[in-house]
Amino acid sequence: MKQYADLHICPRLDDISNARSMANVLSELETRVVGLVVPPDQLTPTPPTVNTFMELGIDVAKRLNLTPRSREELLRNLRRYRSKYEIVAVDCGIASVSRVAVRDRRVDIVRFPKRGSGGGFRGNLARTCRAALEFNMSELTEAWGFQARLHRVRREIEIAAEASTVVIGSTNASSPCELRAPRDVAAVLHVLGLSLEAALNGVSVIPVAIVKENRLRMREPDLEEGVRIVERKAHNE
Amino acid sequence: MSRTAHRYLLVRFLTKDPISAQAIEEAVRHSVEEMFGKFGSAEIKARLMGVSSAGDKATFRCALGSVEKLRTALAMISHVNGQPAAAMVVKSSGTIKALRVRFQRQQK
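Quick mapping for you: the protein sequence lines, in order, are chains A and B. Letter 202 of the first sequence, counting from 1, is numbered 201 in numbering that gives the first Met the number 0, and no numbers are missing. Letter 1 of the second sequence, counting from 1, is numbered 0 in numbering that gives the first Met the number 0, and no numbers are missing.
This is the structure in structure tokens:
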């Protein structure tokens, strides 16, 4: 059975009742893994919201959203926080940040905000992109400029599909009414230009693999990419 | 004459206050037309089959090849009757009977 994931939810961390309502809806929608945005200053102790989701059998991965204003700031933040988070996403609003973020293997997800001088997701970025390009449902359900936003998202997905860049779908929900079924998010990705298989992988296989790989990396920080432990021998052997 | 094949979707509506069947039908029709136009709307053939007594779940029928389009239109709904709302497909099936059986099985 497919394990669905939504790697971008951002409820208020002190509002337990809102988190509980969201957890109930996610549980009903069979979402098994969520990426919860936790700012660095609230990382320890673990926010009670995390337990609210876990009580309903939802696996919570802590996510950091970075919005750096320069390449140096991005690199500094990655050095500082990478080992503390299961998911690191970067908002690419500036061209110099985009160029580094798409290539750096410490970045899991890149997003291209609607405004900014970054110029959006272009072909040259797509060809070198190691991170997953994220599409948020909130980009389309906001109240204004629907057609322009639809055009921009469609263009980004088209470029990603041409360059075989991985695309994932999330909701960016902060309340139950902003949540969507992962299967519906996949339908939107499909209608916007991805193949149905790639769209379904974008809400199930790929996000789950991102979390799994990063957890392994956090447990075994010395392991190189692509190396995994098959067996450990006892020290006295 | 060949019969058109359909697909049935059970949709959960999340709102603060209960909403009427008419409001649901209107919101879905508006979303389908905004996303795919009148031509797309005719192709999808979305039809409201029924609404639960609590007003939070509705069953829709659409043309077999247009399920993804109807799912997309439903995902785009953010307001019904001026209040924040979300529509989520809980189950989909080839017959309305199977949809009911699968939903009841899930509830148990």
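C-beta atoms are modelled at their ideal positions from N, C-alpha and C, and glycine is treated no differently.
Alpha-carbon to alpha-carbon, residue j and residue i
| i | j | result |
| --- | --- | --- |
| Ala-85 (chain B) | Leu-222 (chain A) | 43 Å |
| Thr-106 (chain A) | Ala-97 (chain B) | Checking the sequence, you will find Val at residue 106 (chain A) rather than Thr. Approximately 44 Å between the Cα atoms of the pair. |
| Arg-101 (chain B) | Glu-27 (chain A) | 14 Å |
| Ile-108 (chain A) | Leu-132 (chain A) | 6 Å |
| Val-88 (chain B) | Arg-214 (chain A) | 31 Å |
| Ala-201 (chain A) | Arg-121 (chain A) | According to the sequence shown, residue 201 (chain A) is Gly rather than Ala. Approximately 20 Å, taken between the alpha carbons. |
| Arg-70 (chain B) | Val-36 (chain A) | 27 Å |
| Ala-159 (chain A) | Ala-74 (chain B) | 22 Å |
| Val-207 (chain A) | Phe-134 (chain A) | 16 Å |
| Ile-8 (chain A) | Pro-46 (chain A) | 14 Å |
| Gln-41 (chain A) | Asn-17 (chain A) | 18 Å |
| Val-166 (chain A) | Ile-205 (chain A) | 8 Å |
| Ala-162 (chain A) | Phe-12 (chain B) | 37 Å |
| Phe-59 (chain B) | Ser-91 (chain B) | 9 Å |
| Ala-233 (chain A) | Ala-172 (chain A) | 46 Å |
| Arg-216 (chain A) | Gly-64 (chain B) | 42 Å |
| Ile-156 (chain A) | Gly-93 (chain B) | 30 Å |
| Glu-146 (chain B) | Val-96 (chain A) | The structure shown has nothing for residue 146 (chain B), since chain B only spans 0 to 107. |
| Ile-23 (chain B) | Asp-55 (chain B) | 10 Å |
| Lys-15 (chain B) | Phe-145 (chain A) | 25 Å |
| Ala-88 (chain A) | Ser-174 (chain A) | 21 Å |
| Val-152 (chain A) | Ser-51 (chain B) | 35 Å |
| Lys-68 (chain B) | Val-229 (chain A) | 44 Å |
| Ala-186 (chain A) | Leu-195 (chain A) | 8 Å |
| Phe-111 (chain A) | Tyr-3 (chain A) | 23 Å |
| Asp-14 (chain A) | Arg-104 (chain B) | 33 Å |
| Leu-77 (chain A) | Arg-68 (chain A) | 13 Å |
| Gln-21 (chain B) | Arg-70 (chain A) | 53 Å |
Residue i and residue j closer than 8 Å at C-beta
| i | j | result |
| --- | --- | --- |
| Asp-90 (chain A) | Asn-64 (chain A) | yes |
| His-6 (chain A) | Ile-57 (chain A) | Note that residue 6 (chain A) corresponds to Leu in the displayed sequence, not to His. No, Cβ-Cβ distance for Leu-6 (chain A) and Ile-57 (chain A) is not below 8 Å. |
| Arg-31 (chain A) | Thr-51 (chain A) | no |
| Val-24 (chain A) | Leu-124 (chain A) | no |
| Leu-73 (chain A) | Val-101 (chain A) | no |
| Ser-203 (chain A) | Lys-1 (chain A) | yes |
| Gly-49 (chain B) | Ala-57 (chain B) | yes |
| Pro-17 (chain B) | Ala-72 (chain B) | no |
| Leu-55 (chain A) | Ala-94 (chain A) | no |
| Val-31 (chain B) | Ser-40 (chain B) | yes |
| Val-66 (chain B) | Arg-2 (chain B) | no |
| Pro-39 (chain A) | Tyr-80 (chain A) | yes |
N- and C-terminal bounds of the alpha helix (DSSP H) containing residue i
| i | result |
| --- | --- |
| Leu-12 (chain A) | Run containing Leu-12 (chain A): none; DSSP gives neither H nor E here. |
| Val-99 (chain A) | 94-102 |
| Glu-155 (chain A) | 145-161 |
| Arg-68 (chain A) | From DSSP, Arg-68 (chain A) is part of no alpha helix (DSSP H); its letter is neither H nor E. |
| Lys-211 (chain A) | 204-218 |
| Phe-111 (chain A) | First-last for Phe-111 (chain A): undefined, no H or E at that position. |
| Met-0 (chain A) | Looking at the DSSP string, Met-0 (chain A) is not in any alpha helix (DSSP H), and its letter there is neither H nor E. |
Best match in the options for proximity to residue i [C-alpha to C-alpha]
| i | options | result |
| --- | --- | --- |
| Leu-199 (chain A) | A:Ser-174, A:Met-217, A:Leu-188, A:Ile-209 | A:Leu-188 |
| Gly-34 (chain A) | A:Pro-175, A:Ser-97, A:Pro-10 | A:Pro-10 |
| Ala-4 (chain B) | B:Val-31, B:His-78, B:Glu-25, B:Glu-42 | B:Glu-42 |
| Thr-140 (chain A) | A:Val-24, A:Glu-196, A:Cys-176 | A:Cys-176 |
| Ser-169 (chain A) | A:Ala-162, A:Ala-160, A:Ala-180 | A:Ala-180 |
| His-78 (chain B) | B:Lys-44, B:Tyr-7, B:Lys-37, B:Arg-28 | B:Arg-28 |
| Ala-45 (chain B) | B:Pro-83, B:Arg-2, B:Leu-8 | B:Leu-8 |
| Thr-43 (chain A) | A:Thr-66, A:Lys-83, A:Arg-126, A:Ala-185 | A:Lys-83 |
| Leu-12 (chain A) | A:Tyr-3, A:Val-226, A:Ala-4, A:Val-49 | A:Val-49 |
| Arg-182 (chain A) | A:Ala-22, A:Ala-147, A:Met-136 | A:Met-136 |
| Ile-95 (chain B) | B:Pro-83, B:Leu-47, B:Arg-2, B:Phe-38 | B:Leu-47 |
| Val-190 (chain A) | A:Pro-67, A:Arg-154, A:Arg-227, A:Arg-75 | A:Arg-154 |
| Arg-126 (chain A) | A:Arg-148, A:Trp-143, A:Thr-164 | A:Thr-164 |
| Ala-26 (chain B) | B:Gly-36, B:Phe-35, B:Ile-76 | B:Ile-76 |
| Arg-129 (chain A) | A:Arg-148, A:Val-184, A:Glu-224 | A:Glu-224 |
| Val-59 (chain A) | A:His-150, A:Arg-148, A:Val-210 | A:Val-210 |
| Gly-119 (chain A) | A:Trp-143, A:Glu-138, A:Gly-92 | A:Gly-92 |
Span of the beta strand (DSSP E) around residue i
| i | result |
| --- | --- |
| Gly-49 (chain B) | 46-50 |
| Glu-133 (chain A) | 131-135 |
| Val-166 (chain A) | 166-169 |
| Met-34 (chain B) | Met-34 (chain B) -> not in any beta strand (DSSP E); alpha helix (DSSP H) instead, spanning 20-43. |
| Lys-68 (chain B) | First-last for Lys-68 (chain B): 66-74, but that is the alpha helix (DSSP H), not the beta strand (DSSP E). |
| Val-187 (chain A) | Looking at the DSSP string, Val-187 (chain A) is not in any beta strand (DSSP E); the run it does join, the alpha helix (DSSP H), is 181-190. |
| Phe-120 (chain A) | Looking at the DSSP string, Phe-120 (chain A) is not in any beta strand (DSSP E), and its letter there is neither H nor E. |
| Ala-197 (chain A) | Element bounds for Ala-197 (chain A): not the beta strand (DSSP E) but the alpha helix (DSSP H), 195-200. |
Would you list, in chain order, the members of the segment 181-198 of chain A that have their beta-carbon closer than 8 Å to a beta-carbon of chain B?
Arg-182, Asp-183, Val-184, Ala-186, Val-187, His-189, Val-190, Leu-195
The segment 77-107 of chain B: which residues have C-beta closer than 8 Å to a C-beta of chain A, in chain order?
Ser-77, Pro-83, Ala-84, Ala-85, Met-87, Val-88, Val-89
Members of the segment 12-33 of chain A near chain B, C-beta cut-off 8 Å:
Val-24, Glu-27, Leu-28
Could you please tell me which residues of the segment 63-77 of chain B, in chain order, have their CB closer than 7 Å to any CB of chain A?
Glu-67, Lys-68, Arg-70, Thr-71, Leu-73, Ala-74, Met-75, Ser-77
Between the segment 140-156 of chain A and chain B, which residues of the former have a C-beta closer than 9 Å to a C-beta of the latter?
Thr-140, Glu-141, Ala-142, Phe-145, Leu-149
Closer than 9 Å between beta carbons: that is the criterion. Which residues of the segment 10-34 of chain B meet it against chain A?
Arg-11, Leu-13, Thr-14, Lys-15, Glu-33, Met-34
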